[in-house]
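Protein chains in written order, with my numbering: chain W, 41 to 349; chain U, 41 to 349.
Protein chains: 2
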Amino acid sequence: MTVLILTSEEDVTADMVVAQLHKRGVPLVRFDPADLPGDGTLSAEYVRGEFRGYLSTGGRVVSMDGLRSIWVRRPGEPAAHAPEPSAWLTAESGQALYGMLHSTSARWMNEPGAAARARLKPWQLRVAHRSGFPVPATVVTTYPQVARQFADQYRHVVVKAVSGKPPHDPPMALPTTLVPPDADFADVAAGPTLLQRYIAKEADIRLTCVGEELFAARKTAAPGQVDGRYGETGHTWEPVPVPDRIRRAVTRYTELAQLAYGAFDFAEDAEGTWWFLECNQGGQFGFIELETEQPVADAVAQWLSIPAD
Amino acid sequence: MTVLILTSEEDVTADMVVAQLHKRGVPLVRFDPADLPGDGTLSAEYVRGEFRGYLSTGGRVVSMDGLRSIWVRRPGEPAAHAPEPSAWLTAESGQALYGMLHSTSARWMNEPGAAARARLKPWQLRVAHRSGFPVPATVVTTYPQVARQFADQYRHVVVKAVSGKPPHDPPMALPTTLVPPDADFADVAAGPTLLQRYIAKEADIRLTCVGEELFAARKTAAPGQVDGRYGETGHTWEPVPVPDRIRRAVTRYTELAQLAYGAFDFAEDAEGTWWFLECNQGGQFGFIELETEQPVADAVAQWLSIPAD
Chain W
41 MTVLILTSEE
51 DVTADMVVAQ
61 LHKRGVPLVR
71 FDPADLPGDG
81 TLSAEYVRGE
91 FRGYLSTGGR
101 VVSMDGLRSI
111 WVRRPGEPAA
121 HAPEPSAWLT
131 AESGQALYGM
141 LHSTSARWMN
151 EPGAAARARL
161 KPWQLRVAHR
171 SGFPVPATVV
181 TTYPQVARQF
191 ADQYRHVVVK
201 AVSGKPPHDP
211 PMALPTTLVP
221 PDADFADVAA
231 GPTLLQRYIA
241 KEADIRLTCV
251 GEELFAARKT
261 AAPGQVDGRY
271 GETGHTWEPV
281 PVPDRIRRAV
291 TRYTELAQLA
301 YGAFDFAEDA
311 EGTWWFLECN
321 QGGQFGFIEL
331 ETEQPVADAV
341 AQWLSIPAD
Chain U
41 MTVLILTSEE
51 DVTADMVVAQ
61 LHKRGVPLVR
71 FDPADLPGDG
81 TLSAEYVRGE
91 FRGYLSTGGR
101 VVSMDGLRSI
111 WVRRPGEPAA
121 HAPEPSAWLT
131 AESGQALYGM
141 LHSTSARWMN
151 EPGAAARARL
161 KPWQLRVAHR
171 SGFPVPATVV
181 TTYPQVARQF
191 ADQYRHVVVK
201 AVSGKPPHDP
211 PMALPTTLVP
221 PDADFADVAA
231 GPTLLQRYIA
241 KEADIRLTCV
251 GEELFAARKT
261 AAPGQVDGRY
271 GETGHTWEPV
281 PVPDRIRRAV
291 TRYTELAQLA
301 YGAFDFAEDA
311 EGTWWFLECN
321 QGGQFGFIEL
331 ETEQPVADAV
341 AQWLSIPAD
């Protein structure tokens with residue numbers, strides 16, 4: 041049975057998993073929805089209760105009843121590489137492809153509907169609370185006075201994007217930033233703004249969850265550093281054990297969110313508490329594996345290798 | 041407790057339900073995500089495990105813990121009416137709004153993740169099979185020779201859009217159409233094509249499912265008519281009883297699809313069999329109610345009125 045990896049051509053993280061699947065002798069097909077129609081082709085028949093389908097790319101054919109799992113890694117937009125792309129061709133190709141894939145009994149990492157919901161940052165905070173994580177007080181608001189009150193109450197607050205992705209038109213970096221005491225909140229009315237109590241952190245924690253396998257890594261923060269993604273600290277990611285309490289909370293979170301994969305970010309404070317910041321259902325793990333030698337790619341390959349029900 | 045209706049300003053179908061909710065004395069707020077930020081505002085706080093949120097529009101405020109249900113009727117794109125709209129502001133506003141709404145315990149008609157999956161036409165056919173509906177043989181393919189073989193095998197086949205929505209740039213009507221015997225299938229390679237065995241139909245059936253309430257209506261077809269949405273037949277929609285077998289299949293379908301609302305289309309053949317064509321999770325019901333006097337809007341209002349858990 042075959043593993044289907046939906047991703048675009050240049051994807052080093054996918055390459056790492058592909059190498060592990062090869063080691064295990066598990067057949068796989070790498071498919072970019074952007075190539076459909078064109079190099080990518082499909083056919084699905086629904087006849088008298090029977091469903092038969094197959095997908096083909098680069099001369100490789102995969103039968104839908106021989107599919108064990110689908111890894112939604114970084115798929116291109118359907119039909120993006122078509123000679124005459126259009127919004128309608130994208131809709132038709134996307135419905136054909138994902139409709140066919142949803143007709144199989146393959147296991148998803150992650151199922152697209154669950155993934156879409158799991159991206160909603162305010163929802164993440166709610167689920168994190170319910171799962172037992174400590175979560176810094178947070179407000180999402182379009183009211184300048186609510187933002188002002190929140191900043192006054194908690195004194196040290198950070199502002200960050202609600203949707204997680206920075207603007208790309210024009211492209212702009214949006215690091216999580218400390219709000220200065222004299223900030224003018226008038227512009228909060230122009231777009232929902234997320235403010236969060238600042239956790240004075242000793243370290244960033246990245247916990248990668250692959251099915252039931254958890255890999256935690258810790259990187260000491262530079263004094264006063266706010267966003268771990270930006271700036272050099274001179275420190276590297278080091279593997280750390282996963283506390284039992286965190287393990288239970290992660291399990292509860294991924295159950296509630298119906299995720300097979302999630303990359304959790306925590307801030308570790310001076311007392312050693314891991315504060316939930318976010319869970320990125322499509323988060324990278326290549327940089328963690330390179331620095332910690334934690335076998336995340338192998339765990340992904342192993343999860344994908346389990347036969348479908 | 042309040043009902044939240046997400047829809048744009050001009051929506052006659054929503055008006056019908058609003059009238060029924062008024063009759064029942066159930067408070068409601070109508071909110072267009074396109075008005076956020078601007079006339080629409082929101083605020084959500086996540087503090088020590090507690091979640092408090094509210095939404096405001098046109099001077100009305102609705103508290104998230106006072107929300108009994110959310111009707112996703114025809115919402116505008118978040119931030120579409122902002123003075124400086126952008127893809128990023130749409131992402132930020134959408135995440136803030138839907139993230140907050142998903143943090144509530146309100147009941148959804150329909151939950152957005154389930155709705156997205158339920159739109160996948162090939163998946164519908166699979167679920168319809170599993171639910172016990174007769175489904176005409178169907179193929180979705182990018183292979184001209186597969187299309188050709190399917191047409192040869194079934195002789196009378198129709199072609200229709202995979203995604204259900206016609207192209208809007210340029211706008212184009214795409215009625216379901218009989219494929220002529222000498223059709224050239226070469227263009228199938230240019231985009232996934234859905235062919236389905238033609239059901240010589242006596243009538244169109246529209247079955248509207250609202251929670252556990254089912255309303256079936258029948259409209260006699262004109263001789264040789266293929267797409268019930270186009271052309272005058274001289275016939276009107278008449279209420280018909282729902283056969284037990286169909287009721288069981290509808291219940292199974294909406295359970296599998298996790299839908300509170302669905303508009304099912306069937307073709308009734310000469311033997312009286314109802315062939316499943318599609319289930320539109322956001323299908324209109326105004327035209328049915330007007331012609332049949334079936335109280336669909338009232339059923340929607342009743343479903344929305346049930347308090348949240």
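Heads up, the beta-carbon is just placed ideally off N, CA and C, and yes, glycines get one too.
How would you list, in chain order, the residues of chain U whose beta-carbon sits under 8 angstroms from the beta-carbon of residue i?
{"i": "W/Glu132", "result": "Ala201, Val202, Ser203, Gly231, Pro232"}
Would residue i be called buried (16 or more neighbouring beta carbons within 10 Å of its own) or exposed?
{"i": "U/Thr217", "result": "exposed"}
{"i": "U/Asp338", "result": "buried"}
{"i": "U/Thr276", "result": "exposed"}
{"i": "U/His169", "result": "buried"}
{"i": "W/Ile45", "result": "buried"}
{"i": "W/Met104", "result": "buried"}
{"i": "W/Val259", "result": "The amino acid at residue 259 of chain W is misidentified as Val; the sequence shows Lys. Looking at its Cβ environment, which holds 16 or more other Cβ atoms inside 10 Å, W/Lys259 is buried."}
{"i": "U/Phe327", "result": "exposed"}
{"i": "U/Arg285", "result": "exposed"}
{"i": "W/Arg288", "result": "exposed"}
{"i": "W/Met149", "result": "buried"}
{"i": "W/Ser171", "result": "buried"}
{"i": "W/Met140", "result": "buried"}
{"i": "U/Pro220", "result": "exposed"}
{"i": "U/Arg147", "result": "buried"}
{"i": "W/His208", "result": "exposed"}
{"i": "W/Gln334", "result": "buried"}
{"i": "W/Gly89", "result": "exposed"}
{"i": "W/Ile110", "result": "buried"}
{"i": "U/Arg108", "result": "buried"}
{"i": "W/Asp224", "result": "exposed"}
{"i": "U/Arg195", "result": "exposed"}
{"i": "W/Ile346", "result": "exposed"}
To the nearest whole angstrom, what separates the beta carbons of residue i and residue j, a pair I think is in contact under 8 angstroms?
{"i": "U/Glu311", "j": "W/Pro232", "result": "About 56 angstroms separates the two Cβ atoms, so there is no contact after all."}
{"i": "W/Pro77", "j": "W/Ala119", "result": "7 angstroms"}
{"i": "W/Arg166", "j": "U/Tyr86", "result": "7 angstroms"}
{"i": "W/Gly93", "j": "W/Ala84", "result": "4 angstroms"}
{"i": "W/Ala136", "j": "U/Val102", "result": "Going by Cβ atoms, the distance from W/Ala136 to U/Val102 rounds to 39 angstroms, so no, they are not a contact pair."}
{"i": "W/Ser143", "j": "U/Trp163", "result": "6 angstroms"}
{"i": "W/Ala341", "j": "W/Gln60", "result": "4 angstroms"}
{"i": "W/Arg237", "j": "W/Val197", "result": "6 angstroms"}
{"i": "U/Met56", "j": "U/Glu329", "result": "7 angstroms"}
{"i": "U/Gly106", "j": "U/Thr53", "result": "At roughly 25 angstroms, the Cβ-Cβ gap does not stay under 8 angstroms, so U/Gly106 and U/Thr53 are not in contact."}
{"i": "W/Phe325", "j": "W/Thr248", "result": "5 angstroms"}
Please find out if some non-hydrogen atom of the ligand GDP comes closer than 7 angstroms to the beta-carbon of residue i.
{"i": "W/Ser83", "result": "With respect to small molecules bound, the structure shown includes none, and the ligand GDP cannot be examined in it."}
Chain U partners of residue i, CB-CB under 9 angstroms?
{"i": "W/Ala127", "result": "Pro207, His208, Asp209"}
{"i": "W/Arg114", "result": "Chain U residues near W/Arg114: none, gap ~18 angstroms exceeds 9 angstroms."}
Please compile the residues from chain U whose C-beta is within a distance smaller than 7 angstroms of the C-beta of residue i.
{"i": "W/Arg157", "result": "His142, Gly153"}
Could you tell me which chain W residues have their CB closer than 9 angstroms to the CB of residue i, listed as they occur along the chain?
{"i": "U/Lys161", "result": "Gln135, Ala136, Gly139"}
Proximal residues, the segment 134-153 of chain U versus chain C, C-beta separation under 8 angstroms | Looking for chain C here will not work: the only protein chains present are W and U.
Counting only runs that start and end within the segment 228-263 of chain W, where is the beta strand (DSSP E) found for 3 or more residues in a row? DSSP runs (the beta strand (DSSP E)) wholly in the segment 228-263 of chain W: 233-237, 243-250, 253-260.
task: For the segment 163-190 of chain U, enumerate the residues whose C-beta is nearer than 7 angstroms to any C-beta of chain W, in chain order.
output: Listed in chain order, the positions of the segment 163-190 of chain U with a beta carbon within less than 7 angstroms of a beta carbon of chain W are Trp163, Leu165, Arg166, His169, Val175, Ala177, Thr178, Val179, Val180, Thr181, Thr182, Tyr183, Val186.
At a Cβ cut of 9 angstroms, what residues of the segment 75-88 of chain W count as close to chain U, listed as they run along the chain? Going along the segment 75-88 of chain W in chain order, one finds Leu76, Pro77, Gly78, Gly80, Thr81, Leu82, Ser83, Ala84, Glu85, Tyr86, Val87, Arg88 with a Cβ nearer than 9 angstroms to chain U.
Select from the segment 303-335 of chain W all residues with a C-beta closer than 9 angstroms to any C-beta belonging to chain U, and list them in chain order. Result list empty, no residue passes.
Exercise for review: Return the residues of the segment 90-103 of chain U that lie within a Cβ-Cβ distance of less than 7 angstroms from chain W, sorted by chain order.
Suggested key: Within the segment 90-103 of chain U, the residues whose Cβ lies closer than 7 angstroms to some Cβ of chain W are Phe91, listed in chain order.
Completely contained alpha helix (DSSP H) runs for the segment 106-152 of chain U, where each covers 4 or more residues
Fully enclosed alpha helix (DSSP H) runs of 4 or longer: 127-142.
Runs of alpha helix (DSSP H) wholly within the segment 170-232 of chain U (minimum 4 residues, chain order): 184-194, all fully within the segment 170-232 of chain U.
Ranges of the beta strand (DSSP E) found wholly within the segment 45-89 of chain W, counting only runs of at least 3: Scanning the segment 45-89 of chain W from its first residue to its last, the whole beta strand (DSSP E) runs of 3-plus residues come out as 68-71, 81-87.
Output the residue ranges of the beta strand (DSSP E) runs that lie fully inside the segment 261-325 of chain U and measure 3 residues or longer, sorted by chain position. For the segment 261-325 of chain U, whole beta strand (DSSP E) runs of length 3 or above, ordered along the chain, are 278-280, 301-308, 314-320.
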